[in-house]
Amino acid sequence: MYTKLAQGILKTLPQTEAELRQEALAPADKELRDRLTKVKTLADLLDALRSLELVIAARTALTLSQYAWTVPLMKQDDHSAEVRRQATVLYTAYRTVAAKIAPVLAAGLPAAPGDPAELLTAKAHFGTITGRITVDTGQDLPGTADYLHVIHQMLLLCLAVTTRGPHGRRLLAELAASPQAAITIDQRYKFRPSSLLAYGPDNPAGPQCATPAAPLTGAVPLPDRGVGSHSYLGAPVWLDGKIGSKEAGALLFTQHLPIEQAHQRILLGSLSFSENKYAFYTPLRIELLHELLHVLHNAQGANRIAVVLTGGLTTEVWTDAEEYATIAGGDLTENMLGAEIGLPDRYGHGGLSLDFLSSKSEAAVDSLADLSRIP
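Using UniProt numbering, you'd call the opening residue of the sequence shown number 1 and step up by one each time.
If you want it as structure tokens, here you go:
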């Protein structure tokens, strides 16, 4: 099964310029093709997916480098279709694999001969964490159960791939060690396309929150922590141009948007921004790990949303102290996890749905500089 899945991914890879010119492949492209060609086990397949993330991120970075930083998107050549094409390769690979191996992952990651001790531990942590994930289909709207079922499958696969890197294993260890790090996947109503979002039960001031005196960086000391709480992972639904509501959501899948298209719009990944003022692609898995860091903070009573930003940090760039700690300022961050697949450091909480990169989108009147919120 794993070999066949890898062969399917290999067939979807667009040819590189080097291949078209019959030249030697770049090292990352060669490694990816070698990995996919040699897949025999689940571990091989998970490693190949990490390599695919790295290659897609690098290819989209090259495309995004053609955008000027300060010129409105509507006045530039539109490269959004190529960025979306590359992101769709990664989405399709994850979506296909997640569906096929869902029963395997639901039973836990099996130990394999030769697994080092740290990997065996990570697999045990995977089982602990996945055992605390539930899906809330109580809204009983047409299509909701199917919509959230796929989100659950993708989350399981992302967690499985995360066992393959050191910072990822550390995140899994901390989640597993926090009894309140339980997740309920539910449906949330939005005004426009959005990524998956983690919520505490009483945001922004609840048992998941640290006191305002807590530090911005590092681990929050025990005396400054709240008692902790479980979290929700909200899967957004929306009707373009209409107010987000349960009533509107009831019509979404039946009259307006096929479920598969809705999944693509929230699971394709997004654009983030560097302090050096350029855009880069953030794959879905890194987006999800960002949300799982919020889940961890909520469980530990260490969510910093009530903490005041200091030291020249601004809400315009970072939104709040919790986002700063999650992305860059904590003792375990999105940037550490992204670096495992070659991503640059993200600067600020600004981001962009791939939908809004198009020169015809409502965001096209702005430049990347405007959208980044970086001064």
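Where a beta carbon is used, it is the ideal one built from N, C-alpha and C, also for glycine.
Judged by DSSP secondary structure, Val308 falls outside any beta strand (DSSP E); it is assigned neither H nor E. The Cβ atoms of His294 and Trp318 lie no closer than 8 Å to each other.
Beta-bridge annotation (DSSP): Tyr281 is paired with Leu271.
Exclusion of the five residues before and after Leu36 leaves Ala6, Ile9, Leu10, Ala48 as the residues of its chain whose Cβ lies within less than 7 Å of its Cβ. DSSP places Tyr94 in the helix class (H, G or I) of the three-state scheme. Between Thr60 and Ala87 a beta carbon distance of about 7 Å is seen, short of the 8 Å cut, so the two are scored as contacting. Excluding five sequence positions before and after Leu120, the CB atoms of its chain that fall closer than 8 Å to its own CB belong to Ala111, given in chain order.
Rounded to the nearest angstrom, the Cβ distance from Arg164 to Leu46 is 5 Å, consistent with a contact under 8 Å. DSSP links Arg188 through a beta bridge to Pro236. According to DSSP, residue pairing for Ala213 in a beta bridge does not occur.
One thing to note: Gln187 has its Cβ no nearer than 8 Å to the Cβ of Ala262.
Counting the other CB atoms within 10 Å of its CB gives Gly226 a total of 16 or more, which places it among the buried residues.
Segment contact: the stretch 175-185 against the stretch 124-140, three or more CB-CB distances shorter than 8 Å; contact assigned.
Taking C-beta separations shorter than 6 Å and ignoring five residues to either side along the sequence, the partners of Val220 in its chain run Ala210, Ala214, Ala302, following chain order.
A distance below 8 Å separates the beta carbons of Ile327 and Glu334. In chain order, His349 place their CB closer than 7 Å to the CB of Glu323, counting only its own chain and leaving out the 5 sequence neighbours on each side.
Residue pairing by DSSP places Tyr199 opposite Tyr232 in a beta bridge. Rounded to whole angstroms, Ala173 and His167 show a C-alpha spacing of 10 Å. Rounded to the nearest whole angstrom, the C-alpha separation of Ser194 and Gly351 is 10 Å.
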